[in-house]
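Trainee: The structure that follows is given in the form of structure tokens.
Protein chains: 2
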Amino acid sequence: MEMIAEVKTVEQTNEARNAKELDSLFKPKAIAVIGASAKELSIGNVIIKNLLHYGYTGKIFPINPKESTIRGLTAYPTIFDVDGDIDLAHVIIPSKFVPQIIEDCGKRGIKSVIINSAGFSEMGEEGMALQQAFLDNAKKYGIRIFGPNCQGIINTDPAYKAYCDFTFTFPESGSISIAALSGGVGAVIMQSIFDLGIGMRMYASNGNACDVSIPEIISYYGEDEGTKAIILYTEGFANPSAFMETAKAVAKRKPILAMKAGRTEAGAKAAASHTGSLAGVDISTELIFEKTGILAFRNEEEMCQASMAFATQPIPKGNRVGIITNTGGPAVIATDELVSEGLVIPPLSERAIQKLKETQLPEASLGNPVDVVATGNGIHFRSALDVLMNEEQIDSIYINFVTAPFTDTDEVARQIVEVSKTRRKPIVCNFMTNMSMERYRTTAKILKDGGIPCYAFPTTAAKALGALYKYHKLRTKDIGTPIIFKDADKAKAHELLDSAKNSGREFLSSADVYTLLSLYGIPVADWQIADTAQEAARIAKKIGFPTVVKAESESLIHKSDMGGVAVNLKNEEEVADAVEKMKRKIENQGMKPLQFLVQKYLPGGKELIVGVSVKKGLGHLLMFGIGGVYVETLKDVVFKITPVTEVEAREMLSSIKMAKLLDGVRGEKGINRSKVIDIILRLSQLVKDFPQIQEIDLNPVLAFENGAFTADARIKI
Amino acid sequence: MEMIAEVKTVEQTNEARNAKELDSLFKPKAIAVIGASAKELSIGNVIIKNLLHYGYTGKIFPINPKESTIRGLTAYPTIFDVDGDIDLAHVIIPSKFVPQIIEDCGKRGIKSVIINSAGFSEMGEEGMALQQAFLDNAKKYGIRIFGPNCQGIINTDPAYKAYCDFTFTFPESGSISIAALSGGVGAVIMQSIFDLGIGMRMYASNGNACDVSIPEIISYYGEDEGTKAIILYTEGFANPSAFMETAKAVAKRKPILAMKAGRTEAGAKAAASHTGSLAGVDISTELIFEKTGILAFRNEEEMCQASMAFATQPIPKGNRVGIITNTGGPAVIATDELVSEGLVIPPLSERAIQKLKETQLPEASLGNPVDVVATGNGIHFRSALDVLMNEEQIDSIYINFVTAPFTDTDEVARQIVEVSKTRRKPIVCNFMTNMSMERYRTTAKILKDGGIPCYAFPTTAAKALGALYKYHKLRTKDIGTPIIFKDADKAKAHELLDSAKNSGREFLSSADVYTLLSLYGIPVADWQIADTAQEAARIAKKIGFPTVVKAESESLIHKSDMGGVAVNLKNEEEVADAVEKMKRKIENQGMKPLQFLVQKYLPGGKELIVGVSVKKGLGHLLMFGIGGVYVETLKDVVFKITPVTEVEAREMLSSIKMAKLLDGVRGEKGINRSKVIDIILRLSQLVKDFPQIQEIDLNPVLAFENGAFTADARIKI
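Okay, structure coming up:
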């Protein structure tokens, strides 16, 4: 399972560099193939074959000391024997020679190098050293390295036709660009795009990714005018924050469809605290995609199929679909799936139905779906399309088109294309036909050339429309900016955390926990520390009954399981008794309780949990959900990446499964949501100010009609 | 939306008839086409064209009074002008002439008729009358009717090659048979099977299904030796119990892959009681499939893709998958999906790893997945396959096979086919290639001819293997038979229900509810009925405190919302007070409380719900889950079709989301599961004995460490 657990390391320090730097990689005017081979099927031969086959517009210089020509091209012993500029070099030689070759490339003025060879960081220490050696040389000369241990790039732009890759799929020019860490998956995606008849713009699969990074590639695609949508496949992020920053800017302008594999490994991880154990690896990837505005997929086939709609259709302005069908069952299936995707199929206006009545066959069904029936011809489809295009309460159009033998299917296709040209609303088409018949291939070609995304199954077409709608939601969502609470006392908090750190603590003392929370304006149940039973009783009287007492000791993580907590104490005697009992119990277990926390007991609130845990390279994840002792049983929690905005906090409250519980059930009082949101936002600010904090669990936060208070908390620094 | 809500009516009264009766339909030796037409593209012409094109082995008699030949065949004015036997007739004439034609068919000795014409039950009353008229004639002569308003049937058996359908896909002979109510969806499925290169055995799409029914067709496919797996598409069941009975017998012998559309309509339905409103239409379909042993799909593309594995592979004996891959990323994706499907990827034995070490390339990864790397050739795949075939802890094999240009891909394919011939373990293959290249089409053909199911995406292949495994689970699952509790007093219960019915009640009185439950041995909290406050106090003392009092009135459905319930009453005074207060409150609302139920109050138990509600044609659904006032907020309930067996009841307890809650959290006591299971089984028996009961809600059932008691209940008759 080692393979599965492996998360490839992607150095993402370059995202700030000017994307134009990558022009020498994606738009090379001359390419040297270092390690060119006369041997058919070897990578050093296939790359030249592919460049020639695809019609590369620049110069190709095979470099091989033993051959005079390779695939009809003059071969050169070394790059120094080539006349004229070289932008890009492929390197396909044993790894141990690569550092020297990069030095040579530098001297020769080559700007980018694709290292196809393997034998570097993926092969342990020795390989890692070789990788560092060639990287040092590259930096010296300002060379950008792509790879090593990678496929390469493809640019289908007719001005370049640069197929710098050893794969075997030769895509048509189009508007989808692909970035894939794994060459295997990249090839599957490229092949699928090809099979679906979607044109591709650029392709990049960067293997070990030691220099040119995924964020940089995404950024380059973002600037590229020919790229309309981006497909991304990754297996992890070495620097998630850098990725988010770059990708966010691109995702606002162009749809990014992404899939991250390795999601199930997350389930295996376990940690000490609730927040830590519930926020798995996969959760953070999906949160990254969400916060970046990237459309996440869990199925690569669905991702490719959706990209066909993104390549050709405008983004819908809402969730209301008009369905046109010429067969019954597939419309039922489509409706099921569209509704599951959050879309609705609203009734049509009276005016629209009247219009349909005038134009459709008598046996047609005039509603939404509009069933033009199997005998419906071009004019019937056309009138239905016109009605839906002009219908205000419709945002997108879904068509079921079965090629009945007794209709002029070409004419139907022409009408669909004609209407789609206005580009006012997206259209997807479930085109049910037999492509082995010449007649229907013609119909398919009319649709394809007209830019209509065609699918072979009702569910598949509905999913693609669902993806367009999800992107509309992502793009139009405004989460706002995080509130800054000016009343937070950062200086004092800094002092407190420093002092705790210096004293060698891993978990803050209760006194420190509640003081720190108070410094950030997070309400806590009244509390004070006592050393003895008598003092505890005195404090309890002052704070007011009922009271809770908790033994204070760093080694007591689960106090309540170990008899270190006594709740609902009603008078001084009960408090003193509880402290004495607790002392004995804990001493019997061989531990030494130092002090006792006396705190106001607040019965009857809804028990919630608010927590944060640090994620390397990402900052903190904030968790909200149902708290108390049931937190692990119910697992009803949601996460966001900090800093959390008010819009996001509000969304967290509404998106737990038991959200209704917060409003009160059967006459119960609902909770004060604003007070809980306030706690979430203040906690988010606290960890933003102090990134060194590892984990905070406020559990439970007791929420009432009029307020919310932290009743128990722990902080790991 | 009318179209979506429509559930086609399927008469399923014929399932008991001998399946052999359908031989005249599926294996006709001579076919008359009544309404044959010389007009190209008309259905009466297309059907003849299709029969000829597909190579029908029997005789075709076009019936048309005006033409002498149609498509080169002698046409006859009437069926009486034809010499020799006719088994089957197609009818493609206007609906109003159909009853007479069926009469003629009867006289002519025709055994089966496919009515392609529309204009019957789908067109309202007039059409319905016509349908009844021809059905009466058919019954008179013992003719079986297929349709009307339907596509027809196809039998690919080389002995018949009967393409009695007007569609345009001409499948190869194979082992998958399809039954689809909707012709549109049926055609999509048939086309997909064709595109995937899977052979088809038989096809049937029966439209209005007025006589030959889906269960009958399933039963016929079940008997057919050439059918290895069945695909079913339906939009509802007119007689679910009949369907289950027939399909269950078939599903034991052959996999049935099924999809039912119309699932989201369910969400719109609302009912008065919890059980009623939570058990939607869709829930019952999925329960029907589960109890019948049918593999349910929600995506027709996935269903078709899975059928490829069922057509060729044995069923795995367990959930342990061995993965062989020659590329990294796709193995990660496959692992994600396989794990999501409930499969596991166990480590290999030391012996297996040693064997791999001896045979694999040095850069290969020797574990599970086995990465034979891109340069791995036929011998490397072969040795890995042999190791996994011989490895005891592996039940199935998943292969990622990317056709690297530098390997002999044909040899790899031959080795995979060779190993698969032993048929000891199922193999699925994610075959990543470019089918537009001749070279790889050859490789694909080797795999296809060798019966290896090939997919184009890692997730798709993993889902297909997941489906094989799910069928293994379905087939090997033994739910046992329902327990019959002999202590249930059916006679007395009968009396009680009759008397309540005769008194015109819709809901039983509390006294009747608790009496009825007790007659079936379902424990209830001690209770007695009081007419006055004084009597209530007296009873309470006898039963023991604390006590709960509930006002007793048929019009009080939600008693607790209306002040009709008082809980935790600690002495006689509190009871009397509560009754007086209740009386006033209810009288103020203009209602008349007749009596008061005094009941033992049981604090501290886990609140559960057990309920049943009747489903037309199916019997009762039984619901179990978290009860009390949160039942609608948590919606943590599961359903089974009655009668429920002990195995099923136990499964219900473990399959709610909060199942852990039943074991107790953080030192709490767990509940006595057997006592709850007992209640479920007894309730199941009660509604089996009295199918007229509409709904029962036991909510809450209070479950403790030592027992479980019904604390509130209502029964609708």
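Line by line, the protein sequences are chains X and L.
My numbering numbers the first residue of the first sequence as 1 and each following residue consecutively.
My numbering numbers the first residue of the second sequence as 1001 and each following residue consecutively.
Glycine is no exception: its CB is placed at the ideal position from the N, C-alpha and C atoms.
As the structure is a prediction and not an experimental result, all values here were calculated from the model.
Tell me the rounded alpha-carbon separation between residue 405 of chain X and residue 1040 of chain L.
Mentor: Indexing the first sequence from 1 puts residue 405 of chain X at position 405. Indexing the second sequence from 1 puts residue 1040 of chain L at position 40. Cα to Cα, residue 405 of chain X sits roughly 10 angstroms from residue 1040 of chain L.
Trainee: Output yes if chain L places a C-beta closer than 8 angstroms to the C-beta of residue 93 of chain X; else output no.
Mentor: By one-based count along the first sequence, residue 93 of chain X stands at place 93. No - not a single Cβ of chain L is within 8 angstroms of the one on residue 93 of chain X.
Trainee: Here's the rule I'm using: 16 or more other beta-carbon atoms within 10 Å means buried, otherwise exposed. How should residue 361 of chain X be labelled?
Mentor: Locating residue 361 of chain X in the first sequence gives position 361, where the first residue counts as 1. Exposed, since its Cβ has fewer than 16 Cβ neighbours within 10 Å.
Trainee: Return yes when the Cβ of residue 713 of chain X is within less than 8 angstroms of the Cβ of residue 729 of chain X, no when it is not.
Mentor: There is no way to answer for residue 729 of chain X, as the model of chain X reaches only from 1 to 717.
Trainee: Would you mind listing the alpha helix (DSSP H) stretches within the segment 1428–1475 of chain L that are 4+ residues and don't spill past its ends, in chain order?
Mentor: Whole alpha helix (DSSP H) segments, 4+ residues: 1438–1449.
Trainee: Could one say the Cβ of residue 1521 of chain L lies closer than 8 angstroms to chain X's Cβ atoms, at least one of them?
Mentor: For this step, residue 1521 of chain L is matched to residue 521 along the second sequence. So, not an interface residue.
Trainee: When the Cα atoms are used, what is the spatial distance from residue 1636 of chain L to residue 1663 of chain L?
Mentor: Here residue 1636 of chain L refers to the residue found at position 636 of the second sequence. Here residue 1663 of chain L refers to the residue found at position 663 of the second sequence. So the alpha carbons of these two residues sit roughly 16 angstroms apart.
Trainee: Output, in sequence order along the chain, the residues in the segment 1043–1065 of chain L whose CB is closer than 8 angstroms to any CB in chain X.
Mentor: Here the close residues are 1043, 1046.
Trainee: Between which two residues does the alpha helix (DSSP H) carrying residue 1387 of chain L extend?
Mentor: The residue you call residue 1387 of chain L lines up with position 387 of the second sequence. Start and end: 1378–1390.
Trainee: Hey, would you say residue 1196 of chain L sits closer than 8 angstroms to residue 1229 of chain L, going by beta carbons?
Mentor: The count along the second sequence starts at 1 and reaches residue 1196 of chain L at position 196. The count along the second sequence starts at 1 and reaches residue 1229 of chain L at position 229. Contact: no.
Trainee: Under 8 angstroms between C-beta atoms, does residue 717 of chain X make it to chain L?
Mentor: In the first sequence, residue 717 of chain X corresponds to position 717, counting from 1. For residue 717 of chain X, the answer is no, since every Cβ of chain L falls outside 8 angstroms of its Cβ.
Trainee: Determine, using beta carbons only, whether residue 660 of chain X comes closer than 8 angstroms to chain B.
Mentor: No chain B is part of this structure, whose protein chains are labelled X and L.
Trainee: Any beta carbon of chain X sitting closer than 8 angstroms to that of residue 1412 of chain L?
Mentor: Position 412 of the second sequence holds residue 1412 of chain L. No, because no Cβ of chain X sits closer than 8 angstroms to the Cβ of residue 1412 of chain L.
Trainee: Would you call the CB atoms of residue 1390 of chain L and residue 1323 of chain L closer than 8 angstroms?
Mentor: Within the second sequence, residue 1390 of chain L is the residue found at index 390, counting from 1. Within the second sequence, residue 1323 of chain L is the residue found at index 323, counting from 1. In this structure, residue 1323 of chain L does not lie closer than 8 angstroms to residue 1390 of chain L by Cβ.
Trainee: If I measure Cβ to Cβ from residue 524 of chain X and keep anything under 7 angstroms in the same chain, skipping five residues before and after, which residues do I get?
Mentor: The residue labelled residue 524 of chain X in the question sits at position 524 within the first sequence. Excluding sequence neighbours, residue 524 of chain X sits near 514, 517, 518, 709, 710.
Trainee: Buried or exposed: residue 1425 of chain L, going by 16 or more other Cβ atoms within 10 Å of its Cβ?
Mentor: Here the question's residue 1425 of chain L lines up with position 425 in the second sequence. That one is buried.
Trainee: Report yes if the C-beta distance between residue 1430 of chain L and residue 1461 of chain L is below 8 angstroms; otherwise report no.
Mentor: In the second sequence, residue 1430 of chain L corresponds to position 430, counting from 1. In the second sequence, residue 1461 of chain L corresponds to position 461, counting from 1. In this structure, residue 1461 of chain L lies closer than 8 angstroms to residue 1430 of chain L by Cβ.
Trainee: Alpha carbon to alpha carbon, how far is residue 504 of chain X from residue 656 of chain X?
Mentor: As a first step, residue 504 of chain X must be located in the first sequence, where it is residue number 504. As a first step, residue 656 of chain X must be located in the first sequence, where it is residue number 656. In a straight line, the C-alpha of residue 504 of chain X is about 37 angstroms away from that of residue 656 of chain X.
Trainee: Could you give the DSSP three-state label for residue 272 of chain X: helix, strand or coil?
Mentor: Taking the first sequence and counting its residues from 1, the one referred to as residue 272 of chain X is at position 272. Unreliable placement is indicated for residue 272 of chain X, whose pLDDT of 25 sits below 50; the coordinate value is still reported in the next sentence. If DSSP states are grouped into helix, strand and coil, residue 272 of chain X belongs with coil.
Trainee: Is it right to say residue 1069 of chain L is buried, meaning 16 or more other beta carbons lie within 10 angstroms of its own, or is it exposed?
Mentor: Within the second sequence, numbered from 1, the residue matching residue 1069 of chain L stands at position 69. It is exposed - the Cβ of residue 1069 of chain L has fewer than 16 other Cβ atoms within 10 Å.
Trainee: Around the C-beta of residue 12 of chain X, are 16 or more other C-beta atoms found within 10 angstroms, so that it is buried, or is it exposed?
Mentor: Residue 12 of chain X sits at position 12 when you count from the first residue of the first sequence. Reliability fails at residue 12 of chain X, whose pLDDT of 39 lies under 50, so the model's placement of it is uncertain and no value is given.
Trainee: Give me the subset of the segment 1324–1336 of chain L whose CB atoms are less than 7 angstroms from a CB atom of chain X, sorted by chain position.
Mentor: Residues 1327, 1328, 1329, 1330, 1331, 1332, 1333, 1335, 1336.
Trainee: Determine the direct distance from the alpha carbon of residue 1388 of chain L to that of residue 1474 of chain L, and round the result to whole angstroms.
Mentor: Stepping through the second sequence from its first residue, residue 1474 of chain L is reached at position 474. Stepping through the second sequence from its first residue, residue 1388 of chain L is reached at position 388. Each residue's Cα considered, the two are about 25 angstroms apart.
Trainee: In three-state DSSP terms, what is residue 1571 of chain L?
Mentor: As a working note, residue 1571 of chain L is residue 571 in the second sequence. Note: residue 1571 of chain L maps to coil in three-state DSSP.
Trainee: Indicate whether at least one CB of chain L lies closer than 8 angstroms to the CB of residue 261 of chain X.
Mentor: Taking the first residue of the first sequence as 1, we reach residue 261 of chain X at position 261. Yes - at least one Cβ of chain L is within 8 angstroms of the one on residue 261 of chain X.
Trainee: Any beta-carbon of chain X closer than 8 angstroms to the one on residue 1204 of chain L?
Mentor: Counted from its first residue, the second sequence places residue 1204 of chain L at position 204. Cβ-Cβ to chain X under 8 angstroms: no for residue 1204 of chain L.
Trainee: Using the beta-carbon of each residue, which ones in chain L are nearer than 9 angstroms to residue 596 of chain X?
Mentor: Locating residue 596 of chain X in the first sequence gives position 596, counting from the first residue. The contacting residues do not exist; residue 596 of chain X stays about 22 angstroms from chain L at best.
Trainee: Output, in chain order, the set of chain X residues within a Cβ distance shorter than 7 angstroms of residue 1362 of chain L.
Mentor: As a position in the second sequence, residue 1362 of chain L is number 362, starting the count at 1. Chain X residues near residue 1362 of chain L: none, gap ~11 angstroms exceeds 7 angstroms.
Trainee: Quick check: the Cα distance between residue 1295 of chain L and residue 1255 of chain L, rounded to an integer number of angstroms?
Mentor: Taking the second sequence and counting its residues from 1, the one referred to as residue 1295 of chain L is at position 295. Taking the second sequence and counting its residues from 1, the one referred to as residue 1255 of chain L is at position 255. Their backbone Cα atoms lie some 7 angstroms apart in a straight line.
Trainee: Considering only the alpha carbon of each residue, which of L/1375, L/1357, L/1175 lies closest to residue 1412 of chain L?
Mentor: Position 412 of the second sequence, counting from 1, holds the residue named residue 1412 of chain L. Nearest C-alpha to residue 1412 of chain L: L/1375.
Trainee: Taking the DSSP output, what are the residues bridged to residue 1371 of chain L?
Mentor: By 1-based counting over the second sequence, the position of residue 1371 of chain L is 371. L/1325, L/1365, per the DSSP bridge assignment.
Trainee: Taking only beta-carbon positions, decide if residue 1459 of chain L is within less than 8 angstroms of chain X.
Mentor: Looking up residue 1459 of chain L in the second sequence gives position 459. With 8 angstroms as the cut-off, residue 1459 of chain L counts as an interface residue toward chain X.
Trainee: For residue 463 of chain X and residue 428 of chain X, what's the separation of their Cα atoms in angstroms?
Mentor: As a first step, residue 463 of chain X must be located in the first sequence, where it is residue number 463. As a first step, residue 428 of chain X must be located in the first sequence, where it is residue number 428. The straight-line gap from Cα to Cα measures roughly 10 angstroms.
Trainee: If you follow the alpha helix (DSSP H) that residue 244 of chain X is part of, which residue opens it and which one closes it?
Mentor: Translated into positions along the first sequence, residue 244 of chain X becomes position 244. Per DSSP, residue 244 of chain X belongs to the alpha helix (DSSP H) from 240–253.
Trainee: Measuring straight from C-alpha to C-alpha, what distance separates residue 1194 of chain L and residue 1307 of chain L?
Mentor: As a first step, residue 1194 of chain L is located in the second sequence; it is residue number 194 there, counting from the start. As a first step, residue 1307 of chain L is located in the second sequence; it is residue number 307 there, counting from the start. Whole-angstrom Cα-Cα distance: 12 angstroms.
Trainee: How big is the Cα-Cα spacing for residue 315 of chain X and residue 686 of chain X?
Mentor: Taking the first residue of the first sequence as position 1, residue 315 of chain X is located at position 315. Taking the first residue of the first sequence as position 1, residue 686 of chain X is located at position 686. For residue 315 of chain X and residue 686 of chain X, the distance between alpha carbons rounds to 39 angstroms.
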